[in-house]
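If you read the sequences in order, they're chains A and B.
In this text, residue positions in the first sequence follow numbering that gives the first Met the number 0: the first is 0, and each later residue adds one.
In this text, residue positions in the second sequence follow numbering that gives the first Met the number 0: the first is 0, and each later residue adds one.
Each remark here refers to the structure printed beneath this line.
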Amino acid sequence: MLDKTGIAKRIAKEIKDGYYVNLGIGIPTLVANYIPDGVDVILQSENGLLGMGPFPFEGEEDPDTINAGKQTITKLAGSAVFDSALSFGMIRAKKVNLTILGAMEVSEKGDIANWKIPGKMVKGMGGAMDLVASAENIIVAMQHVNKAGESKLLPNCTLPLTGINCVKKIVTELAVLDVLPEGGFRLLERAPGVTVEEIKAATAGKLIIEGEIPEMVI
Amino acid sequence: MNKVVSGADEAIRDIEDGMTLMVGGFGMCGLPEKSILALVKKGVKNLTCISNNAGVDDFGIGLLLHQHQVKKMISSYVGENAVFERQLLSGELEVELIPQGTLATRCMAAGYGMPAIFTPAGIGTEVAIGKEVRNFNGKDYLMEMAFDADFAIVKAWKGDRLGNLVYRSTARNFNPVMAMAGRITIAEVEELVEPGELDPDNIHTPGIYVHRIFQGEDYEKRIEQRTVRKREEI
């Protein structure tokens, strides 16, 4: 079973040289720490920055330079700043190659719910609806089951949707799965020490298992 | 031509109860903090605020919420604000949550003189309820209307008395698109310069969009999430 760092490390392997990548808040943010050497990527922050760098050194924080999570960050050499409309323009126009975000639920059709729980204070969707509606390559980083032990990989989402037919791949503490265009979660890899039976038990949606399922290499 | 006003009080003098305001900034970053303080002082009520966020309890639009001056917020993300939550749950405050890109692009459309835009954001979700859906090349898009705001209030780094504006780093965010979208646009700047001092090739907002400009003093520029790394982590 993977911890959050393990999920981030496994997702980092999906990032290809030359990609422009948008990372959501939470586990996706950690992915930036594990991008393999020799893989050159540019991080997009939807508040209006390409070329996001690491957190500043203590004492060098710039209140004018933040990421979409409102954290102080730095700009790398070659970065570009732009306004919010242009930022979502490049997202809508599919210029961003990979979007990695968290989710509360994903359906076997690739629908995603990650912004609202009825009866709880709603904070808003931020840029998530724009990202999932346009991105061609969406990887979800999340736990396989919720705190109540219920599967988050479902036949249909029960929570209000963020977007439909959009998630392509899911990485959880148990497994890596594809979402097939015709519907269903195809099991690709098991986390170290996790059995196919355990993944079956934790997946409520249609799970497709073809042949031997290899253990992840991280 | 001189668009310079003496300060925030004069700039917002004719903002009245019930008006719709765009307020620039992303969280605390690039926030027109002086104009907001003047609105708090003036005490105008029943405002509709179009702004990506709703401030924190004691800064930004949170200050207007504290004084019960806001009737409706149109935002993409409103976390981090207890006053907001209380007023929303009590029914005093109305909130319309819309996708961030839709928010920005509805501002842009107003500034470009276009009545509406089509975006895939929100298709298949509750955001789409009651909206026209059009299919282009096999994909569904929602029709979203350009905003119509009485005033846009933005913050820039530098500006000249003709209203030309330059923003700094990610404090740009919503400011340029809102500056283009107000019937009357108020710009507050950290540094007011003479025409000719800003490079024409590097103007972010052409002055034609800006009606009033003033230099604010002593910007607080609050940081919402101070994240740093230690030097030994290099």
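Just so you know, even glycine gets a beta-carbon here, dropped at the ideal spot from N, CA and C.
A:Ala76 at chain B interface by Cβ criterion, 9 Å: On the first sequence, residue 76 of chain A is found 77 positions in, with the first residue counted as 1. With 9 Å as the cut-off, A:Ala76 does not count as an interface residue toward chain B.
For B:Thr124: DSSP bridge partner residues: The residue labelled residue 124 of chain B in the question sits at position 125 within the second sequence. Paired residues: none, contrary to the question.
Spatial neighbours of A:Leu42 in its chain, beta-carbon cut-off 6 Å, leaving aside the 5 residues before and after: Within the first sequence, the letter at position 43 stands for residue 42 of chain A. When the five nearest sequence neighbours on each side are left out, the beta carbons in the same chain lying within less than 6 Å of the beta carbon of A:Leu42 are those of Val20, Met51, in order along the chain.
Spatially closest choice to A:Cys165 from A:Glu57, A:Ala84, A:Ala102, by CA coordinates: Stepping through the first sequence from its first residue, residue 165 of chain A is reached at position 166. Ranking A:Glu57, A:Ala84, A:Ala102 by Cα distance to A:Cys165 puts A:Ala102 first.
A:Ile137 Cβ short of 8 Å to the ligand PLP heavy atom set: Although the ligand PLP was asked about, the structure shown includes no ligands whatsoever.
For A:Val233, three-class secondary structure by DSSP: A query on residue 233 of chain A cannot be resolved here, the shown segment of chain A reaching from 0 to 217 and no further.
Top-ranked residue by Cα proximity to B:Gly54, from A:Gly148, A:Lys69, A:Glu197, A:Arg189: Taking the first residue of the second sequence as position 1, residue 54 of chain B is located at position 55. Nearest in C-alpha terms to B:Gly54, of all of A:Gly148, A:Lys69, A:Glu197, A:Arg189, is A:Lys69.
Chain-ordered neighbours of A:Leu160 on chain B, where CB pairs are closer than 7 Å: Indexing the first sequence from 1 puts residue 160 of chain A at position 161. Residues of chain B passing the Cβ test: Gly123, Thr124.
CB contact below 9 Å: A:Glu60 versus chain B: Along the first sequence, read from residue 1 onward, the residue named residue 60 of chain A stands at position 61. Judged by the 9 Å Cβ criterion, A:Glu60 is in contact with chain B.
Nearest neighbour of B:Gln86, chosen from B:Phe117, B:Ile49, B:Leu64, B:Ala37 [CA to CA]: By one-based count along the second sequence, residue 86 of chain B stands at place 87. The candidate whose alpha carbon is nearest that of B:Gln86 is B:Leu64.
Cβ shell of B:Lys44 (< 6 Å), same chain only, five flanking positions each side left out: Working through the second sequence from its first residue, we reach residue 44 of chain B at position 45. Taken in chain order, the residues that qualify are Asp16, Gln68.
Under 8 Å by beta carbon: chain A residues contacting B:Lys70: In the second sequence, residue 70 of chain B corresponds to position 71, counting from 1. By Cβ distance, chain A contributes nothing, its closest Cβ being about 18 Å from B:Lys70, past 8 Å.
A:Asp129 at chain B interface by Cβ criterion, 9 Å: Counting from one through the first sequence, the residue named residue 129 of chain A turns up at place 130. Yes, its Cβ sits closer than 9 Å to a Cβ of chain B.
As assigned by DSSP and simplified to three states, the class of B:Ala155: Sequence index remark: in the second sequence, residue 155 of chain B carries index 156 (1-based). Residue state, collapsed to three classes: strand.
B:Arg225, enclosing beta strand (DSSP E) - first and last residue: Within the second sequence, the letter at position 226 stands for residue 225 of chain B. Element bounds for B:Arg225: n/a, residue is neither H nor E.
Where A:Leu48 meets chain B, residues with beta-carbon distance less than 7 Å: Counting from 1 along the first sequence, the entry for residue 48 of chain A is found at position 49. Here the neighbours are Thr169.
Beta-ladder partner(s) of B:Tyr166, from DSSP: The count along the second sequence starts at 1 and reaches residue 166 of chain B at position 167. According to DSSP, B:Tyr166 bridges with nothing at all.
Residues within the region 120 to 154 of chain A neighbouring chain B, beta-carbon criterion of under 9 Å: Against chain B - using a Cβ distance shorter than 9 Å - the residues of the region 120 to 154 of chain A are Met120, Val121, Lys122, Gly123, Met124, Gly125, Gly126, Ala127, Met128, Asp129, Leu130, Val131, Ala132, Ser133.
Within-9 Å CB hit, B:Ile207 to chain E: In the displayed structure, chain E is absent; the protein chains listed are A and B.
Supposed close pair B:Glu196, B:Asp159 - CB separation, criterion 8 Å: For the purposes of this step, residue 196 of chain B is taken as residue 197 along the second sequence, with counting starting at 1. For the purposes of this step, residue 159 of chain B is taken as residue 160 along the second sequence, with counting starting at 1. Between B:Asp159 and B:Glu196 the Cβ distance is about 7 Å, and since that is below 8 Å, they are a contact.
According to DSSP, residues forming a beta bridge with B:Gln214: Within the second sequence, residue 214 of chain B is the residue found at index 215, counting from 1. As a beta-bridge residue in DSSP terms, B:Gln214 pairs with B:Val188.
First through last residue of the alpha helix (DSSP H) which encompasses A:Gln142: Your numbering for residue 142 of chain A matches position 143 in the first sequence. Unbroken run through A:Gln142: none, as it is neither H nor E.
Euclidean distance between Cα positions of B:Asn163 and A:Gly25: Against the second sequence, residue 163 of chain B aligns to sequence position 164. Against the first sequence, residue 25 of chain A aligns to sequence position 26. The straight-line gap from Cα to Cα measures roughly 39 Å.
Neighbouring residues, chain A, relative to B:Cys48 (Cβ below 9 Å): To locate residue 48 of chain B, count along the second sequence from 1; it is residue 49. Close partners of B:Cys48 in chain A (Cβ separation under 9 Å) are lacking, with about 14 Å as the shortest Cβ gap.
DSSP-derived helix/strand/coil call for B:Asn201: As a position in the second sequence, residue 201 of chain B is number 202, starting the count at 1. Here B:Asn201 carries a helix assignment [DSSP, helix/strand/coil].
Validate contact between the region 121 to 134 of chain B and the region 178 to 189 of chain B using beta carbons, cut 8 Å, 3 pairs: The region 121 to 134 of chain B vs the region 178 to 189 of chain B: no contact.
Complete alpha helix (DSSP H) runs within the region 79 to 108 of chain A (minimum length 4 residues, chain order): Within the region 79 to 108 of chain A, the complete alpha helix (DSSP H) runs of at least 4 residues are 83 to 91.
Span of the beta strand (DSSP E) around B:Cys48: Counting from 1 along the second sequence, the entry for residue 48 of chain B is found at position 49. According to the DSSP assignment, B:Cys48 belongs to the beta strand (DSSP E) that extends over 46 to 49.
Cutoff 7 Å; reference A:Ile14; Cβ partners in own chain excluding five residues on either side: Translated into the one-based positions of the first sequence, residue 14 of chain A becomes position 15. For A:Ile14, where only same-chain residues beyond five positions count, the Cβ hits under 7 Å are Val20, Ile34, Val38, Val40, Leu97.
Endpoints, the beta strand (DSSP E) within which B:Leu38 is located: As a first step, residue 38 of chain B is located in the second sequence; it is residue number 39 there, counting from the start. Annotation for B:Leu38: no beta strand (DSSP E) segment contains it, though the alpha helix (DSSP H) segment containing it runs 32 to 41.
A:Lys122 in three-state terms, based on DSSP: Counting from one through the first sequence, the residue named residue 122 of chain A turns up at place 123. Coil at A:Lys122, not helix or strand.
Local conformation of A:Arg9 per DSSP, three classes: For this step, residue 9 of chain A is matched to residue 10 along the first sequence. For A:Arg9, the secondary structure class from DSSP, reduced to helix, strand or coil, is helix.
Proximity below 9 Å, CB of A:Ile207 to CB of A:Arg185: Working through the first sequence from its first residue, we reach residue 207 of chain A at position 208. Working through the first sequence from its first residue, we reach residue 185 of chain A at position 186. Yes, Cβ-Cβ distance for A:Ile207 and A:Arg185 is below 9 Å.
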